[in-house]
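Below: the structure, in structure tokens.
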Amino acid sequence: MSDDHHPQLGFIRKYVFSVDHKVIGIQYMLTAMCFMFFGLCLMSMMRWQLAYPGEVMPILGSLTETFMPGGIMLPEFYNALGAMHGTIMVFLAVVPILVGGFGNYVMPLQIGAPDMAFPKLNMMSYWVFAAGGVVMLVSFFVPGGAANSGWTSYAPLSVVATTGQTYWLIGMVLLITSSLLGSVNFIVTIVHLRVKGLTMFRLPFFVWAQLVTAFLLLLAFPPLEAAGLLQLMDRVAGTSFFMPEGLVVSGEVASYTGGGSPLLYQHLFWFLAHPEVYVLVLPAMGIVVEVLTNNTRKPLWGYRTIIYSTVFLGFMSFLVWAHHMFMTGMGTQLGAFFATTTMIISIPSVIILTAMVITLYNGSIRFNVPMLFALAFLPMFAIGGLTGLPLGLPASDIQLHDTYYVIGHFHYVVAPGTIFAIFAGIYYWFPKATGKQLNSMLGKLHFWLSFICINIAFAPMFWQGLAGVSRRLYDQTTYEHGKAVQELTKLSSYGVWLLALSQLPFILNFFASIFAGKKASANPWDATTIEWSAPSPPPHGNFAKVPVVHRGPYEYTVPGAAKNFLPQTEASEA
Amino acid sequence: MFNSKTVATVSMVTFALVAMSGVAHADANVITGKVIFKGNAGDYKRKVIDTSKDPNCKKAKTKIGSQKVIINKKTTPMTLRNVLVSIKDGLGNKMFPTPSEPVVLTQFGCQYKPHVFGIVAGQKLKILNGDNTNHNIHFLPKKNQEHNFTQPKKDMENGKVITLVEEDVFKVKCDVHPWMGCHIGVFKHPFFNVTGKDGTFTLTGMPDGTYTLEAWHEEFGKQTASVTVEGGTANVDLTFEPGA
Amino acid sequence: MKAPSLCLLVILAFCALGEGTALAQVVPDIPDVEITGEYGPFLPTLASKDGGEVDQLISILHWFMAVLFVGWGIFFVYCLVRFRQREGHQAKYEPIKAKVSKYGEIAVAGFEVALLVGLSMPIWASVKNDRPTEADNPFRVRVIAEQFQWNFHYPGADGVFGKTGAEFVDTAENPAGIDPNDPGGQDDVVKGELHIPVDRPIIADLSSKDVIHSFFLPVMRVKQDTIPGMRIPVWFEATMTGIFEIACAQLCGNNHYSMKALMYVQSEQEVEDWIKKASIVEEFDEDDLD
Ligand code: HEM
Ligand SMILES: [Cu+2]
Ligand SMILES: [Cu+2]
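Below you can see the structure in the form of structure tokens.
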């Protein structure tokens, strides 16, 4: 059918300005993977400065004479790298991979749709995102370098900062716009384009996760977009939304009047950025559930419970933002409110994680590469979640707020957590997207190296944090408590560098398999969800025949069935 | 598009042409004088700066004094140090070559040396750190770029080199050592000088003519005086009389 | 397994390279004072009266987390081993009735509530509300943060803080911006060191001149952002004398990392003497025109 509906397109329309959700998904995926590697490289440079403060950086030391004179990193460059690492990882790597990449590629296939509801809008999302990425990259080369006020860009620091901050704000406005376009598209697609028989409670959990995520993006991003624009006005148009009166900056009385509030910015920022954290984990959980059920060969335990928990989690994520702000002088009432909502939001997370582990019980667990990554997600996410407790209680947060404990906590969620889920997804859906299998020896090597190194990288941060070492610190040996844990910092740096090297088997595997990999069948994992009933790779339009759905998403080892698995699209035999 | 090399080449050629046409040849003219302080010097006692925050600052000199007002009471009349005297008017549209030698600003003993200075627009300004500590140089100009960078280690060889466009005197501050400040005036021409310990200044090489001189002091503001120089030396004094 | 060991070698060589090249000293030499207390990979020395509660909460929490994680981990590993795919083993379609997990979840929630209501809230309430009264005879100091230093403003002998205003600020000579015409400000002292008496409540009023900083006393378990346009008090009581560090815990610009000050916890008398000495304005040598 596809040829009648989709006339042959030229290379540009097919691969560059494509409206096909799969091409766009792959574009997102590849761009964002590059950004992720770039973010890791920035961090590898920072880790040198942290491990060996003020020493000449080998290899990369001669990169920039302005910011690393004589190969020694300057503090302003360190701050810029930190801010850009955070921004790039969150907005240019993880969200685009999870939503733009996996969401775009897999979600329409999993609901049996030929494409997204608004294919052109989809293309526009990608190109606006790409423009945002370019602006962020360009900002490294403007006078004063890239933005250096942290990924949070708290005013007034960000308002008085160098030119890079203006680029950061413009880049953010583009990225947010892209996400908003995408989220509308996702919601409409999931609500309207499901094939016959695919009720909401027959959706794979991954689609549910995408749906909730899209709502989070849609509702949380506008306040940040507003905050970004207001900050831009403060910087370039002389307004004072976030600038109080009576500032004396660098010895000069600053001309801000009108009594703006620095705290207003923080509220607007975290009203986005907390839901954003769930944007970073929910789709990851979605991937993990898909891989987990497929490789335990049994249905997901507590399918509805997980969905209800996810929806509740999404809702609650709008009510916890100020737990990032306990130390801004918050009183007891607000403190009690936000601590309580924070404890409440931990419950659905515990439930989801429990359900995933119970799914293992009575299963028949296959330890293939995607499964290894998905399994590793569980304890890593557990560590990340548990260490959130002391940060969510204002009293213990006094000591731990803004220390490396925080860095350790959220990285356990997003790095060994989300990134492992991303790898699980890549290894799992690679055969679908390319028609080739990834080499599993190299995959296992990649997994074990990454797993060990990432823990060496992040575990020491908890002890560093308890010791009182602040985050965003160019040189912790300024302080006695920093000097005391300098060895741990070095250890962590070794972990990061080894982690970067551990990606080599993956990169090798990725490209080698595309060109010379073993051919994959349409359904190499014996999976049940709809995307596996399309050819690998699916053509433009996806399905030769519009599929019809007969059952729920995870019908494995059904008693009495002929096969070990019952695809959603297969008519019942009985 | 325009990198500094092309700009430099173009300007050098221009200067050569200008010089050959004899518009602004180096004359032997000299304007000298002193900057006089009238008033009660007792009102401007210098305080010792508390540098205890950074013990490395003590290493160069155990005590440093406030730089704001430095009056030489030994001269008669009393004179003022650190006054930037320059030609404000009278040069017309003449152009003068930009010196190729850089102006050097050194951070030493947690003070800027010099504390006040002039520079020709486009001339190189080289900033060195002679202290075993971290400095953060923060330019606070109106027209120039707001440079804000650190020099975390002693570096007396390379330093940081920048150029500036013409601008009235502005402040440069260290964000690590709050007492550290210096003042830069950027001129189109090379006829400026800062008064020394004895309160005198010397401007040399301007063409014959009648000029308005401007003296700038960080605390007392500006004073002007008129002077004519023709094939020789002219002398003019400027006076600051606070409160008058 | 050749590849991983090769990677390891390369990286170790890379690291070794770093060890050898100690060329420059970025950090200013640490002042010639010895910092009191013990520092290591756990909470640093505790030197305040109420900080113990925070420590207690942190330690209870970590035991709780450890128990949960280990318990959960055992179940996880058990599942991986017991239910691995192998000859003659099949998955079961029917979901198990996981009563245990439900009770477990309820227990976790219960424990969280207990921690929140039983420990965190009372501690937070006392941190926020139990301001020392006049009867406690608190020692008062103002803390004014700026890029990149801490200024400590003492009221001097009269116990009155002079009026301040942005227009009076001179970074070198009047960092707090004390009104020179206000009689209350004449004997005020503004220095970059914090000197406080031991065993007496301290009330520190925090403010900032430019951007957001955070006043962090690791040994006191005190942390509070200083926010421009706001004046936020914190209070604590030191229980041991010594010299401790004050850190800035919020990114505030290029030299955030070096925004450190020293806190001297001393006897009443020593503090008084120091303030007296600090209030004398020393005049610079008249003949030195440098
Ligand atoms: C996988 C390798 C990663 C490593 C080794 C790493 C390491 C670090 C470290 C050491 C810091 C602290 C820097 C400092 O405080 O000076 C940091 C900050 C941060 N990281 Fe990562 N990270 C990784 C991945 C990620 C990912 C995947 C995300 C997000 C999804 C992320 C988001 C952030 C953010 C938001 C910050 C805070 C930046 C700031 O202070 O403004 N990182 N990272
Ligand atoms: Cu300095
Ligand atoms: Cu600070």
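Protein chains in written order, with my numbering: chain G, 6 to 579; chain X, 24 to 267; chain H, 6 to 295.
The beta-carbon is built from N, C-alpha and C at its ideal position, and this holds for glycine as well.
Note that the structure is a prediction, hence the values are computed from the model and not measured.
Asked	Found
Residues surrounding ligand 3 [beta-carbon distance to nearest heavy atom under 5 angstroms]	H:H218, H:C253, H:C257 and H:M264
Q95 (chain H) versus F372 (chain G): straight-line alpha-carbon distance, rounded	15 angstroms
Uninterrupted beta strand (DSSP E) stretches inside the region 192-238 of chain H (no shorter than 3 residues)	194-196, 198-202, 206-213, 218-222 and 227-231
Three-pair Cβ contact test at 8 angstroms for the region 229-244 of chain H versus the region 275-283 of chain H	no
Length of the line joining the Cα atoms of A214 (chain G) and V72 (chain H)	30 angstroms
DSSP-derived helix/strand/coil call for Q338 (chain G)	helix
Contact under 8 angstroms by Cβ, G113 (chain X) with T233 (chain X)	yes
Cβ separation of H26 (chain G) and M121 (chain G), assumed to be a contact under 8 angstroms, to the nearest whole Å	5 angstroms
Near ligand 2: Q274 (chain H) beta-carbon under 7 angstroms from a heavy atom	no
N- and C-terminal bounds of the beta strand (DSSP E) containing N171 (chain X)	N171 to Q174
Neighbour flag for I77 (chain G) against chain X, beta carbons, 8 angstroms	yes
R302 (chain G) (DSSP reduced to helix, strand or coil)	coil
For C133 (chain X), three-class secondary structure by DSSP	coil
Rounded C-alpha distance that separates G340 (chain G) from I352 (chain G)	19 angstroms
Residues that G78 (chain H) contacts on chain G, provided the C-beta gap is smaller than 7 angstroms	P384
The region 61-93 of chain H: positions lying closer than 7 angstroms to chain G by Cβ	L62, I63, L66, M70, L73, F74, W77, G78, F80, F81, C84, L85, F88, R89 and Q90
Where T233 (chain X) falls: helix, strand or coil (DSSP)	strand
Cutoff 8 angstroms: A150 (chain H) Cβ touching any chain X Cβ	no
is_contact[Y561 (chain G), chain X] using C-beta, thresh 8 angstroms	no
Per-residue contacts from I72 (chain X) into chain H (C-beta, under 9 angstroms)	A177, E178 and F289
Spatially closest choice to F40 (chain G) from G:V95, G:S401, G:G307 and G:Q236, by CA coordinates	G:V95
Beta-carbon proximity check, A505 (chain G) vs S49 (chain G), cutoff 8 angstroms	yes
Anticipated Cβ contact below 8 angstroms, H158 (chain X) with N152 (chain X), distance rounded	6 angstroms
Cβ pair count under 8 angstroms reaching 3, the region 35-54 of chain H against the region 219-235 of chain H	yes
Any 3 or more C-beta pairs closer than 8 angstroms across the region 416-436 of chain G and the region 372-392 of chain G	yes
Cβ shell of S314 (chain G) (< 7 angstroms), same chain only, five flanking positions each side left out	P353, I356 and I357
Contacts around T301 (chain G), its chain only, beta-carbon distance under 7 angstroms, and the 5 residues preceding and following it disregarded	T364, L365, G368, S369 and I370
Separation of V38 (chain H) from M245 (chain H), as counted between CA atoms	17 angstroms
Beta-bridge pairing of H240 (chain X) - partner residues as DSSP gives them	X:G244
Any chain X beta carbon closer than 8 angstroms to G59 (chain G)	yes
DSSP state of F224 (chain X) mapped onto helix, strand, coil	strand
Below 5 angstroms from a heavy atom of ligand 2 - residues by beta-carbon	X:H158, X:C197, X:V199, X:H200 and X:M203
DSSP three-state assignment for D34 (chain H), whether helix, strand or coil	Summary for D34 (chain H): the model assigns pLDDT 44, below 50, so the residue's position carries little reliability; its value from the coordinates is reported in the next sentence. In this structure, D34 (chain H) counts as coil in the three-state DSSP scheme.
Per-residue burial, W77 (chain H) [other beta carbons within 10 Å of its own, 16 or more giving buried]	buried
Residues bridged to W240 (chain H) [DSSP beta-bridge criterion]	H:I208
Given 8 angstroms, three or more beta-carbon pairs between the region 463-479 of chain G and the region 517-533 of chain G	no
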